[in-house]
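Remarks on the structure that follows.
Next comes the structure, spelled out in structure tokens:
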């Protein structure tokens, strides 16, 4: 901001459900404050402005799953000083990365009567497979509070602190009784990145891994415990293979159960 | 630019429709001042939900299908739950049914609040977005944001979080919300009820284009209530069947310009779902203040001007606040968080009213509880053909206008339907080809 120009924020969407950019709109109390200090455009869901770059910060939602999006994300990167990917789709390929474990042509034929008109890559991949990414914000969806802190940090020129600790740490802090140990409820909390505030165990259900793998995981040990609880191998496979199916520790563990 | 009768041709495009959910484009082709074609192109990348649901466990459908749409995850969760529960022969009644309606009230208030304030109102007042609008109309923007926030609070209290709630399961919920947390919603909903009534009167005084269409409107109809989760599939042109017969009366086909599948009636008529349809078919069963608001702002029995959908959305916000308060003031304590839903292999259908229209799911499940077939029809994919028909009618007398004006007119008209392109699989790019 040395030249007195306002900082410029852009929000982009690739293959996704819109939920992570909605998390930004869900900052109802902070949105107008942010908008008074930062120029926000493009952000197709919110504004008809289609300003050109460069941008100080680009938030990218969604996975790369078509040749056009692979090209688009390169242009976004070239125009952005800092690029932050938001959500399970952008950081891990999302639920649509289930195609990576299947035959995409068969998927196309299953859904569309004229599959030849539908363009799709065989894989749904995270943005970081295509261009350098500065920070990744995980979650399906991202946590609103985390998103605001990262935007504030980046725009202030600070390095955001993003913990890679597991859901278990947050769950203990929340004072929950362990659903896995005390109730035998299958839970991915031990191998899943925190950030949600241990939402699922707080609702008396097991974590289903929507924030993706924690920084350090021991998935085989957890799988042994899940099987000891009576989960079948296919059920364990499915447990790891959902919203972050293509994230390496989860992908490896699901493949081990094929 | 083209002159009528000159034989000139134009191709006008909107490369990326804005203030809609998801990514789509519009291409208009004109020749000699006549509209040749009008294609709403949805180029959101295909995500293949119906394919990868095959082989998943039936209990996973609510959480997986929620990811079709971050704006209306509750609609997907509810339609999936009802489809599976219908297959199992389980009915959810009493307090659990009320709590599901309460969760849905939250999603309607949030989604309609977002649409009214941030997506549609800037068109009426001449701003590119709500942020610019907030400089001149700060109270208006703050009110719609607070309405949206109220909806989010309801969803968070019941679902754990507002986007992709975690607390919904077949048979009910994982954990019942604490009574104190539910009661804490009451003052904010009381504020929202008053605010929505005031906003409806203010917005009804805006200028609306004089544009009327004869729609076949389709919505759920329930004998006792304005519909969320239950009812018969009814149209204003005589369809009246149980939800299980959806596939007989509404048929999908693929159009080459879109990754969304199109829908028409078995007779080939495009239909419209969403607030206009629900209102036309159910307004007698609105709650008292919602009915009073509709009358006060001059809505008749049928609203046939899509630009007035913003008014109907506000009436529905009033309804959702009133309904939520009714539930919260009644008995909301249930004995258990969920009723058992035993596996019974077979086929099940469910349809519920997403904010933008009916969301239909059909699943076939085998004896191991694995899904062998899934069909999901989002309201935007159903509405797409009808949106194109409206654009053709709207443009008929307007083609001599410059490209930029046509672009704005089309984008504005498209926003009337609150299209959720992520749902319909999927971005608007307007091109007008004048050849």
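Protein chains in written order, with the working numbering: chain S, 479 to 736; chain H, 2 to 436. Yeah, the Cβ is synthetic: ideal placement off N, Cα and C, and Gly gets one too. Since we're looking at a predicted model, the values are computed, not measured.
Using a cut-off of 8 angstroms between C-beta atoms, extract the partners of residue i located in chain H.
i, result
"residue 613 of chain S", "Result: empty, since nearest Cβ-Cβ is about 20 angstroms, beyond 8 angstroms."
"residue 506 of chain S", "146, 147, 149, 150, 153"
"residue 585 of chain S", "49, 52, 53"
What does the alpha-carbon distance come out to for the pair residue i and residue j?
i, j, result
"residue 209 of chain H", "residue 169 of chain H", "40 angstroms"
"residue 542 of chain S", "residue 409 of chain H", "30 angstroms"
"residue 7 of chain H", "residue 13 of chain H", "Low confidence applies to residue 7 of chain H: its pLDDT is 43, below 50, so where it sits in the model is not reliable, and the reading given next is rough at best. Using only the alpha carbons, I get a separation of about 17 angstroms."
"residue 268 of chain H", "residue 485 of chain S", "55 angstroms"
"residue 174 of chain H", "residue 202 of chain H", "37 angstroms"
"residue 11 of chain H", "residue 415 of chain H", "21 angstroms"
"residue 574 of chain S", "residue 46 of chain H", "10 angstroms"
"residue 556 of chain S", "residue 516 of chain S", "20 angstroms"
"residue 30 of chain H", "residue 698 of chain S", "59 angstroms"
"residue 732 of chain S", "residue 583 of chain S", "22 angstroms"
"residue 696 of chain S", "residue 563 of chain S", "25 angstroms"
"residue 250 of chain H", "residue 83 of chain H", "20 angstroms"
"residue 71 of chain H", "residue 9 of chain H", "43 angstroms"
"residue 323 of chain H", "residue 290 of chain H", "8 angstroms"
"residue 40 of chain H", "residue 396 of chain H", "13 angstroms"
"residue 407 of chain H", "residue 398 of chain H", "11 angstroms"
Residue i touches chain S at which residues, Cβ-Cβ below 8 angstroms?
i, result
"residue 418 of chain H", "Ordered by position in chain S, no residue passes the 8 angstroms Cβ test against residue 418 of chain H, which lies about 15 angstroms from the chain."
"residue 119 of chain H", "503, 524"
"residue 57 of chain H", "716"
"residue 161 of chain H", "677, 678, 680, 681"
Are the C-beta atoms of residue i and some chain S residue less than 8 angstroms apart?
i, result
"residue 388 of chain H", "no"
"residue 69 of chain H", "yes"
"residue 175 of chain H", "yes"
"residue 116 of chain H", "no"
"residue 362 of chain H", "no"
"residue 165 of chain H", "yes"
"residue 168 of chain H", "yes"
"residue 13 of chain H", "no"
"residue 24 of chain H", "yes"
"residue 84 of chain H", "no"
"residue 414 of chain H", "no"
For my contact list, residue i and residue j are in at a C-beta cut-off of 8 angstroms; report their separation, rounded to the angstrom.
i, j, result
"residue 364 of chain H", "residue 354 of chain H", "Incorrect: roughly 19 angstroms between the Cβ atoms, too far for contact."
"residue 386 of chain H", "residue 263 of chain H", "5 angstroms"
"residue 1 of chain H", "residue 87 of chain H", "Outside the displayed range of chain H (2 to 436) lies residue 1 of chain H, so it cannot be described from this structure."
"residue 684 of chain S", "residue 657 of chain S", "6 angstroms"
"residue 445 of chain H", "residue 230 of chain H", "Residue 445 of chain H lies beyond the stretch modelled for chain H, which goes from 2 to 436, so this question has no answer here."
"residue 334 of chain H", "residue 180 of chain H", "6 angstroms"
"residue 198 of chain H", "residue 319 of chain H", "6 angstroms"
"residue 491 of chain S", "residue 549 of chain S", "Actually they are not in contact, since the Cβ atoms of residue 491 of chain S and residue 549 of chain S sit about 15 angstroms apart, beyond 8 angstroms."
"residue 67 of chain H", "residue 74 of chain H", "4 angstroms"
Residue i versus chain H: which residues are under 7 angstroms apart at the beta carbon?
i, result
"residue 543 of chain S", "46"
"residue 574 of chain S", "48, 49"
"residue 495 of chain S", "68, 69, 70, 71, 423"
"residue 518 of chain S", "132"
"residue 619 of chain S", "71, 164, 165"
What would DSSP say about residue i, mapped onto helix, strand or coil?
i, result
"residue 275 of chain H", "coil"
"residue 42 of chain H", "strand"
"residue 639 of chain S", "coil"
"residue 447 of chain S", "Beyond the ends of chain S as shown, which are 479 and 736, falls residue 447 of chain S; an answer cannot be given."
"residue 456 of chain S", "Coverage of chain S is limited to positions 479 through 736, which leaves residue 456 of chain S absent and any answer about it impossible."
"residue 77 of chain H", "helix"
"residue 241 of chain H", "strand"
"residue 613 of chain S", "strand"
"residue 341 of chain H", "coil"
"residue 585 of chain S", "helix"
"residue 411 of chain H", "helix"
"residue 725 of chain S", "coil"
"residue 541 of chain S", "strand"
"residue 701 of chain S", "helix"
"residue 215 of chain H", "coil"
"residue 174 of chain H", "strand"
Show which residues of chain S have a CB atom less than 7 angstroms away from the CB atom of residue i.
i, result
"residue 130 of chain H", "524, 525, 526, 527"
"residue 135 of chain H", "510"
By the criterion of Cβ-Cβ separation under 9 angstroms, what are the contact partners of residue i in chain S?
i, result
"residue 20 of chain H", "522, 523, 524, 525, 526"
Cβ of residue i less than 8 angstroms from any chain H Cβ?
i, result
"residue 728 of chain S", "no"
"residue 686 of chain S", "yes"
"residue 637 of chain S", "no"
"residue 650 of chain S", "no"
"residue 689 of chain S", "no"
So with CB distances below 9 angstroms, who are the chain H contacts of residue i?
i, result
"residue 486 of chain S", "Ordered by position in chain H, no residue passes the 9 angstroms Cβ test against residue 486 of chain S, which lies about 13 angstroms from the chain."
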